[in-house]
Each structure stands twice: as structure tokens, then as C-alpha cells.
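Peer 1: Residue numbering for the sequence shown is 61 to 545, as defined by my numbering. Positions of the beta carbon are idealized from the N, C-alpha and C atoms, including for glycine.
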Amino acid sequence: MGFTVSENFQNTINGKQSPTAVTRHGINPATGEPNPEVPVSTQEDVDKAVAAGQEAFTTWSDVPFEERKKATLAFADEIEKHVAEFAKLLVQEQGKPLAFATGEVAMSVGALRQTAELASQITDEIIEDNEDRKLVIRHTPIGAAVGIVPWNFPVSLCLQKLGPAVLTGNTVIIKPSPFTPYCGLKLVELAQGFFPPGVVQALSGDDNLGPWLTAHPGIEKISFTGSSFTGKKVMESAAKTLKRVTLELGGKDAAIICKDVDVDATAAKIASMGFFNSGQICVAIKRVYVHESIYDKFLAAAVAFAKTLSVGPGTNEGVYMGPIQNAMQYEKVKGFISELSADQLALSNGDAKPFDEGKPGYFIKPTIIDRPADDSRIATEEPFGPILPLMTWSDEKDVIARANKTRMGLGASVWSDDLEQASRIGSKLQAGTVWINTHLEPDARVPFGGHKESGIGTEGGIPGLKGWLNVQTLNMRKSSKGGLF
Ligand code: NAD
61 MGFTVSENFQ NTINGKQSPT AVTRHGINPA TGEPNPEVPV STQEDVDKAV AAGQEAFTTW
121 SDVPFEERKK ATLAFADEIE KHVAEFAKLL VQEQGKPLAF ATGEVAMSVG ALRQTAELAS
181 QITDEIIEDN EDRKLVIRHT PIGAAVGIVP WNFPVSLCLQ KLGPAVLTGN TVIIKPSPFT
241 PYCGLKLVEL AQGFFPPGVV QALSGDDNLG PWLTAHPGIE KISFTGSSFT GKKVMESAAK
301 TLKRVTLELG GKDAAIICKD VDVDATAAKI ASMGFFNSGQ ICVAIKRVYV HESIYDKFLA
361 AAVAFAKTLS VGPGTNEGVY MGPIQNAMQY EKVKGFISEL SADQLALSNG DAKPFDEGKP
421 GYFIKPTIID RPADDSRIAT EEPFGPILPL MTWSDEKDVI ARANKTRMGL GASVWSDDLE
481 QASRIGSKLQ AGTVWINTHL EPDARVPFGG HKESGIGTEG GIPGLKGWLN VQTLNMRKSS
541 KGGLF
């Protein structure tokens, strides 16, 4: 059968589409209707895929880099031909508006290309080379790997693992989220035209699958993106065989707004970024500290802007926020809202309840919270939904301490036209990425990762690529007669 993005969702094991006896399905979060059936992998499927990944590694790791790069670039070109179809499927499984789904697929293709170029910069580092000795730092592929993907960016986070894995000579099994398995399965199916069997595989399943993969002795490396809670379980499981892990986890990003900003423009940007993807982004702005001298004006501007953001099915024209991706997350976000007072809630959505009970689809309107206590749940935990708490500050040292008073450390931003002040504050923030007068902006050329409980290691940039490689020192005496001893 030819390749069709919209139907026939199967595992890919050793180059072949592999049906399973048992299937399940995701839910379209805008309608509540079932999406197509997808595989429920068994332990046997895992064993087969790991064996195929190990076997393929023996040859793929020896393929010259230029060939691996060529294959990856050809794969990127092929995805590009299917951007519209993948975007449509992404809306159906994840819920995000079509324009942003299209952006996610197109940007992922761009990131694959950038990463392929970056990877060519990783070469042997010669520390010494003379008549007597050659001393070299090398980077060698690790082995059969697993890429575990969450449900908020099923395309970009799948390719952000797949591309670096294969470019660096590893083989990879992609495990999409059970909530959003569709695009991941299809991307891997499409990849079969460009990579030998076993180099890129996909397994979809229920909650058993992740633990089976992380515990498997044949897996050498895990690249995981998801919650800090699950990340710790992954690390615990990986510790038993000392697998290499990269963990991209949760965040509680602070944005610090200084008193000199253009209030209307900044408030609009902060609200756009806080509510993008319906707040379901690891590096969404999740706490806003506004200088007290501009607080009232800023709050009013942010609320006015939030009211203009349209919420609805991702298939509708002009929608900024689609539904929350799944029922569990919808209930979690509603839980945060139920703890807030009616006047705090009425701020941004015009009514005391920012969601419609009884209608299909997991929709929640953008909600701005006025000065919750610093130790309240909304100010300290990650809601992963469209709720944005605003607090005030007056003392620079104090606001830095408050921004850092969290076990999270993914991103942070400072907003000011006084770049000296912004840089001074930014340099003291404990986060993997610090933005000045922006937030969220991704760039495949630089590392992305979390400090503290937001993660270990990075993806992106040369450091991210090196996370897919072992370091090896080659210490060569040029004669059997030479040397120290
Ligand atoms: P999650 O941790 O529930 O699930 C992530 C993935 O892990 C899914 O594929 C899931 O099936 C799998 N999984 C679940 N239990 C597992 C286990 N015991 N062993 C192995 N795999 C297991 O996360 P989610 O709800 O899908 O995603 C939301 C979270 O992800 C948020 O906390 C968000 O901040 C974080 N996130 C982080 C980044 C980042 O780059 N730092 C990016 C996106 C999302």
C-alpha cells in the first residue's frame, strides 16, 4: 500500500509496518470523537524492535557522516511535501489551530536541516600530534536508543530526537504519547524510504510501553521529554543498566517586567506567549512579575488582550487557542481554576467559569489571575493550561530570589529597554534559557534544556548533539618502543 498520512497507523519494526493483535485509539480533543485505531505494543514487539535496532546499529554507526546527512536531508524534503497533511492530522490528534500545526511541521523540517549542518561540525579534536604521540578526543555513537515524546508537540519533539539520533550514528525507536500517537507513527513510516531497516522504528502502546523500553537491557540511551514526575521514573529505570539519559522536563517559567517597558505591547506579548498552544508548553510563561508602578495598567492591558484571543476547534479559521489536549489534563486545569476566587477569575474571561460544562471538546478560555499569594498552587505548580498568574515586585534582588525560588529551571525572561538592567537580572536567573524582551523563541542552533528538576542534558545545538555521543580519548604512541614506561 502507498503512503497516506491520514490512515493505517501501525508500528514500524525493522523496516516493516507491523500490526498488533490489540489496538486502541486517541480522542479528538475538539469533538470528543474517537480517532483511528493505533497499535498496543507487546513486550515481544519491544524485544523485536530493540534487537533490530541493535543489529542496524552495527552497520549504521559505520556509515560515513555525509551519507547519514544526505539521508536525513532527503527525509526532511519528503516531510516538506506532506506538510499540509501532517498539519491536518496534528490538529485532529492534538487540537492546536491549523496555522500553528502547519508552523510546527514546517519549523521541524527547518530544524532537521539546521541540525544536519550543525552535526558536520562535530569532528575529532586533535590535542597533540607529533612524531611520538597522537592524542585525540573522539565522539562515538552510543547504540540503540529510545525517544519518548509527550503530547503537546508530537511532531517537533519526535523529529528533535529522531534527527540528532540518526545523524550521530545511533538507531532510534520513537515512542509517541498514547494521547497523540498518529503523527509520530506516520513520520517514522515515511522515514523508511530514507534509512535502512531498524535505524528508525516506532512503537505505540499503552502505559506499559514506556517502562518496558526504559528497562530494556538492549537500549543504551533514552531521550525523554515529559513531566518531571515521569522523568524521575525514567532515570530510576535507566540507572539499573546505566543508560545515558537526556531529560527535557517541566517548567515554571518566570517573566520579570521592569517599569520602563511599553506596557500595551509587552502585556500583549506576555499574554500571547502565556496562552500559546493553550498554555501547554514546557517553556510557556507561567508566572509574571510586574513592577508595581505599572501593575494596574499592565493587568488591564493583558486582560483586554486576552479577551481578543479566540478559543475553539483548531479547524476553525482565526482560532488562537484550541482545546486542552486530553480529558485528564482538562480536569487538572479545571482543578487549578476551582481553587481561585470568583473575582480573580472574572478578570480575563468575563464570566466566573472559563469553560463550558456539557459541551464536547476540552475548551478553557484564557484566564489571568490577579496577584495570587507567592506560595499558592497557581504560583508554584505547572498548570499546563491557559492560566497566567500576575504578581507585583519593587526590589530587584527580591524579585530575582522569588523567580528562583522553585525546583524548576527551564526558561525565564526579563523585559526592559534598559538592556543593562535586563542582562543584570537575567544573568542571575537559574534557568536553561534566559530570554530578554522575548520568550519561547526556539532555535535549533543552541542548546535547550533545564536546570534543577527541569531536566538533565540538553537537546539542540552542538551540546545537544553531543548528548547522543560517547566521548572517547584516543591516546596513540606512534611506536611500540616509545611511551612513558
Ligand atoms: P508525561 O511525563 O506524562 O509523558 C511523557 C511521555 O512519557 C509519554 O510518551 C508517556 O507515555 C511516557 N511515559 C509515561 N510514563 C512513563 C514511564 N514510567 N516510563 C517511560 N515513559 C513513560 O508528560 P506529558 O503529560 O505527555 O507532557 C507534559 C509535560 O511535559 C509537562 O510537564 C511539560 O512541561 C513537559 N514538557 C517538557 C518539554 C521540554 O522540552 N522540557 C517539552 C514539552 C513538554
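1) If we require 4 or more residues per run, which alpha helix (DSSP H) segments fall completely within the region 226-260?
2) Between the region 322-333 and the region 455-462, do at least 3 Cβ pairs fall closer than 8 angstroms?
3) May I ask you to report which of helix, strand or coil DSSP gives residue 198?
4) Is there at least one non-hydrogen atom of the ligand NAD closer than 7 angstroms to the beta-carbon of residue 201?
5) Heavy atom of the ligand NAD less than 7 angstroms from the Cβ of residue 212, yes or no?
6) Could you tell me whether the region 432-448 touches the region 300-316, where touching means 3 or more Cβ pairs closer than 8 angstroms?
7) Secondary structure at residue 464, three-state DSSP: helix, strand or coil?
8) Count the other C-beta atoms from every protein chain shown that fall within 10 angstroms of the C-beta of residue 261, then say buried if there are 16 or more, exposed otherwise.
9) Do residue 424 and residue 448 have their CB atoms nearer than 8 angstroms?
10) By the 10 Å Cβ neighbour count, where 16 or more other Cβ atoms means buried, how is residue 62 classified, buried or exposed?
11) Say whether the region 264-277 touches the region 128-140, bearing in mind that this needs 3 or more beta-carbon pairs closer than 8 angstroms, one atom from each stretch.
12) In the DSSP assignment, find the alpha helix (DSSP H) that holds residue 120 and state where it starts and stops.
13) Do residue 348 and residue 450 count as a contact pair if the criterion is CB distance below 8 angstroms?
14) By the three-class DSSP mapping on this structure, what secondary structure does residue 306 have?
15) For the ligand NAD, I want to know if residue 294 counts as a neighbour, meaning its beta carbon is within less than 7 angstroms of at least one of the ligand's heavy atoms.
16) According to DSSP, is residue 477 part of a helix, a strand, or is it coil?
17) Leaving out five residues before and five after residue 363 in sequence, what residues of the same chain have Cβ atoms less than 6 angstroms from its Cβ?
18) From what residue to what residue does the beta strand (DSSP E) around residue 488 run?
19) Is it the case that the Cβ atoms of residue 531 and residue 197 are separated by a distance below 8 angstroms?
20) From this set, 505, 247 and 297, which residue's C-alpha is nearest residue 525's C-alpha?
21) Nearest CA to the CA of residue 538: which residue from 496, 192 and 453?
22) Residue 281 to residue 252, Cα distance in whole Å?
23) Alpha carbon to alpha carbon, how far is residue 399 from residue 415? Give it in angstroms, no decimals.
24) DSSP three-state label for residue 224, please.
25) Could you pull the start and end residues of the alpha helix (DSSP H) that residue 409 belongs to?
26) Could you check whether residue 367 and residue 323 sit closer than 8 angstroms to each other, using their CB atoms as the reference points?
27) For the structure I just gave you, are there three or more beta carbon pairs, one from the region 146-158 and one from the region 368-386, closer than 8 angstroms?
28) Between which two residues does the beta strand (DSSP E) containing residue 453 stretch?
29) Compare the beta carbon distance of residue 386 and residue 157 with 8 angstroms and say whether it is the shorter of the two.
30) Compute the beta-carbon to beta-carbon distance between residue 98 and residue 241, rounded to the nearest angstrom, for a pair I have assumed lies under 8 angstroms.
31) Answer yes if the region 226-242 comes into contact with the region 202-212, meaning at least three C-beta pairs across the two stretches below 8 angstroms, and no otherwise.
32) Beta-carbon within less than 8 angstroms of residue 439's beta-carbon, same chain only, minus the 5 sequence neighbours each way: which residues are those?
33) When DSSP labels each residue in this structure, what does residue 180 get in the three-state scheme?
Peer 2: Taking the definition as stated:
1) 242-251
2) Short answer: they don't touch.
3) strand
4) no
5) yes
6) yes
7) helix
8) Result: buried.
9) Going by C-beta atoms, residue 424 is not nearer than 8 angstroms to residue 448.
10) With fewer than 16 other Cβ atoms within 10 Å, it is exposed.
11) no
12) 103-120
13) yes
14) strand
15) The answer is yes for residue 294.
16) Coil.
17) 407, 408 and 428
18) Here residue 488 belongs to no beta strand (DSSP E), and DSSP marks it neither H nor E.
19) yes
20) 505
21) 192
22) Rounded to the nearest whole angstrom, the CA to CA distance from residue 281 to residue 252 is 21 angstroms.
23) 15 angstroms
24) In the structure shown, residue 224 sits in a helix (DSSP, three-state: H, G or I).
25) 402-409
26) no
27) Counting Cβ pairs under 8 angstroms, three or more are found: they touch.
28) 447-453
29) no
30) 5 angstroms
31) yes
32) 347, 432, 433, 449 and 451
33) In the displayed model, residue 180 falls within coil according to three-state DSSP, outside both helix and strand.
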